[in-house]
Amino acid sequence: MQKILTEAVLRSELIPAGTRSYTVSKDTVVTPTAREYLKKRGIELKTAPAGPGRSMSRTEIRENGSYTYVDAVTGKGYREKPEDMTHLRGNQLVKKSDPRIAFRGQLDSLEAHILECQAQVCEQGNAELCGCLGELLDHVRDVLGAEVRDEPLAQKPLFGYDHDRLRYVSHHVKEEIGIDHPIPDYRMGRMALMLNTLRTRIREAELGAVAAFPGERPDIIEEMNRLSSAAYILFCRQVAKQWGGGL
């Protein structure tokens, strides 16, 4: 399984002074900031021909002082978890205000909102839209899982569309759905406005991803952008009363 080596992981590993090289398995994705971190410290990045590299899911803490946790940003060890900190992954801690934790919270809220929308849609008997929202929910959960496990996010079709197609349809509404780009209005009805709100929630989470991963995780940032496109497509389809046919 692929792993991602980030600067935060390197900091948390408490690499001893004088270390000359750092070895990873050949299927490890090394972020640009992680490479720069090693370069500034004169540490050569090496790739093992086969077999696992250093552990990146849990950081081992040296026993002197009996530390149990480590600050993923500063490398400081803790015997007990401070109340203002939370788990990034494994025994790595960050402040609860860390942008990565904020992004996870946005994804959690987004999941809850999609479920509320899905329940209302199903109560109104729109099985097609209910299914589309279920797909959207699965993709959000995939994003959260990939971020928490520090793994690459695989692209999967959404509504049968790949990323390029989702973007095209959302940018060519007249051609693909048959209406001009709609301006939200209360007369569109509750369901359309609910889908528009969903689009804005995804957009907020996308901006949260940009703040959480400067120079990193383009896979997650692109996925959030396409989820926003997907929600906009659903909004436009609702305005166009297009349910019952293909996208």
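Offset between the sequence shown (1-based) and the working numbering: plus 59. In this text, a Cβ means the ideal position worked out from N, Cα and C, and glycines have one as well. Quick caveat, the model's predicted, so the values are computed rather than measured.
The C-alpha of R70 is placed about 48 Å away from the C-alpha of A186.
Spatial neighbours of E103 in its own chain (CB-CB distance under 8 Å, excluding positions within 5 residues in sequence) are listed in chain order as R79, S80, Y81 and L97. In the structure shown, R148 adopts extended strand secondary structure according to DSSP, grouped into three states. Assignment of Y126 by DSSP, reduced to helix, strand and coil, places it in the coil class. In the three-state reduction of the DSSP assignment, S156 falls in the coil class, being assigned neither a helical nor a strand state. Sixteen is the threshold: since fewer than 16 other Cβ atoms of the shown chains lie within 10 Å of the Cβ of E95, the residue is exposed.
With three or more CB-CB distances shorter than 8 Å, the region 274 to 290 counts as touching the region 196 to 206. For the pair L169 and D157, the Cα-to-Cα distance works out to about 19 Å.
For V83, the uninterrupted beta strand (DSSP E) segment begins and ends at S80 to S84. If you check the CB distance, Y128 and G134 do not come in under 8 Å. H222 and E281 do touch by the CB rule: their CB atoms are close to 7 Å apart, below 8 Å.
Between the C-alpha atoms of A251 and H240 there is a straight-line separation of about 13 Å. Taking the CA atoms as reference points, D130 sits about 22 Å from V83.
Around the beta-carbon of E234, fewer than 16 other beta-carbon atoms lie within 10 Å, marking it exposed. Bounds of any alpha helix (DSSP H) do not take in T106; it lies within the beta strand (DSSP E) bounded by E103 to A107.
If you ignore the 5 residues before and after R262, its C-beta comes within less than 6 Å of the C-beta of S287, all in its own chain and listed in chain order. Counting the other Cβ atoms within 10 Å of the Cβ of T65 gives 16 or more, which makes it buried.
Counting along the chain, V228 sits inside the alpha helix (DSSP H) bounded by residues H222 to H230.
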